[in-house]
Structures are given as structure tokens and as C-alpha cells.
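Student: Each residue of the sequence shown is one higher than the one before, counting from -18 in this note's numbering.
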Amino acid sequence: MAEITVHLLRHAHSSHAIPGERDHHRGLDERGHAEVEAIRLRLLRQPVGIVRIRCSTARRARLTLESLLPVLGEVPLRYDDHLYAAGLEAYEAACVADGAASPVLVVGHNPTIASFVARYALQEGDAFRTGIKPATWITLRLGVDPGGRLGPGRLVTLIAPT
């Protein structure tokens, strides 16, 4: 079974919805902007070599990613509506799309990121069942079978906001 590296990033802390505002349109609050800056500085010190990015179309996910793009470099980027609400299958598909080119960064939401880690990080997965804080960066090494299906793997990195 081949292996791929999957980086998962939950969007940074978001503002509360104002009356009449759709959840999809919520941006980042002051705390969220500070969280993104902390991630950016970490990536400057420890580059990750991303070769492709999939990002939710929700505004808070896009804003989180857009602040990091100068550090990540010019790599193929695709915004995907399914990462907003379609669940675990959308995250699995994002990981194995494009011939499972790796490392991939998937920017999205809780509880799906927590569910993904719980399913695939065998040793550490149970610790994530209660959720993942905003702006948490998780790196997994996962198996991929010849049919493009993900298999179990392990947690490599966890960077949580302070």
C-alpha cells in the first residue's frame, strides 16, 4: 500500500453570524486573524512542501488559507463546496483526487476534520472524537490502496493554537 501525506487545517476562529447572515459567509474575528498569523510564522520556520490544496468555499476557510498562500507557494488550488457540508466522504475524495498527489492540504471544518482523524489515525484517533480547535494543523501519513481508497495511518504533527 502506498502512503500519502495529508495536512488538515481547521479554519481559524470565526466571527459570530450577524442576524440574516448565512453561516457560509462568516469571516474571521480578531482572534482568528491572530491564529492565522501564528500558523504563517510556523510555516515560515518549518516549510511543509504542499503540492496541492483543497479548500472549503466557506468564507472563514478561504480567509484562513488566503493568508497562508504566500508561505505555501504557488500550487494547484481548488475550492470545493463539498468540504463545507458533505461530510467525511468529501474529505476522503479531496485526499485522493489528482492521483493522490502528496502532500495535500485540506482546509475545512469541524466536526468533519475530527471525524477524519478519528477514523484514520489509529493510535491517536480517539483523542479527536470531541473535536478540534480552530486553526489546528494536523499532519497524517495514510495508506492508499491501488484503487485510490484511503487506509489507516498515523498522526505525524499536531499544531494547536495557544
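Virtual Cβ for every residue (Gly too), placed ideally from N, Cα, C.
Which residues bound the alpha helix (DSSP H) around P133?
Tutor: Numbered from its first residue, the sequence shown carries residue 133 at position 152. Note, P133: premise wrong, no alpha helix (DSSP H); beta strand (DSSP E) at L131 to I140.
Student: Spatial neighbours of R40 within its chain, please: CB distance less than 8 Å, with the 5 preceding and 5 following residues excluded, ordered by chain position.
Tutor: Position 59 of the sequence shown, counted from the first residue, corresponds to residue 40. Taken in chain order, the residues that qualify are H5, H6, R7 and G8.
Student: Below 7 Å CB to CB, which residues in the same chain sit around D126 once its five sequence neighbours on both sides are set aside?
Tutor: As a first step, residue 126 is located in the sequence shown; it is residue number 145 there, counting from the start. Within the same chain, D126 has close Cβ partners M(-18) and G132.
Student: In this structure, does DSSP put R59 in helix, strand or coil?
Tutor: Reading the sequence shown from its first residue, position 78 is the one you call residue 59. The three-state secondary structure of R59, taken from DSSP, is strand.
Student: Would you kindly report the start and end of the unbroken beta strand (DSSP E) that includes G124?
Tutor: In the sequence shown, counting from the first residue as 1, residue 124 sits at position 143. Unbroken beta strand (DSSP E) run through G124: W118 to V125.
Student: Ignore the nearest five residues each way along the sequence and tell me which others in N91's own chain have a CB closer than 6 Å to its CB.
Tutor: Working through the sequence shown from its first residue, we reach residue 91 at position 110. Excluding sequence neighbours, N91 sits near R(-9), G112 and I113.
Student: Taking the alpha carbon of V87 as the point to measure from, which residue in Y60, C36 and A81 has its own alpha carbon closest?
Tutor: On the sequence shown, position 106 is the one that residue 87 refers to. Comparing Cα positions, the closest option is C36.
Student: For F97 and L69, what's the separation of their Cα atoms in angstroms?
Tutor: Position 116 of the sequence shown, counted from the first residue, corresponds to residue 97. Position 88 of the sequence shown, counted from the first residue, corresponds to residue 69. Approximately 6 Å, taken between the alpha carbons.
Student: Give me whichever residues DSSP pairs with S83 in a beta bridge.
Tutor: Sequence index remark: in the sequence shown, residue 83 carries index 102 (1-based). DSSP, once it has assigned bridges, lists no residue as partnering S83.
Student: Determine whether the beta carbon atoms of H(-6) and P115 lie at a separation below 8 Å.
Tutor: In the sequence shown, counting from the first residue as 1, residue -6 sits at position 13. In the sequence shown, counting from the first residue as 1, residue 115 sits at position 134. In this structure, P115 lies closer than 8 Å to H(-6) by Cβ.
Student: With distances taken from CA atoms, which of E105, A19 and A42 is nearest H62?
Tutor: To locate residue 62, count along the sequence shown from 1; it is residue 81. Position check: residue 62 holds Asp in this sequence, whereas His was assumed. Closest option to D62, Cα to Cα, is A42.
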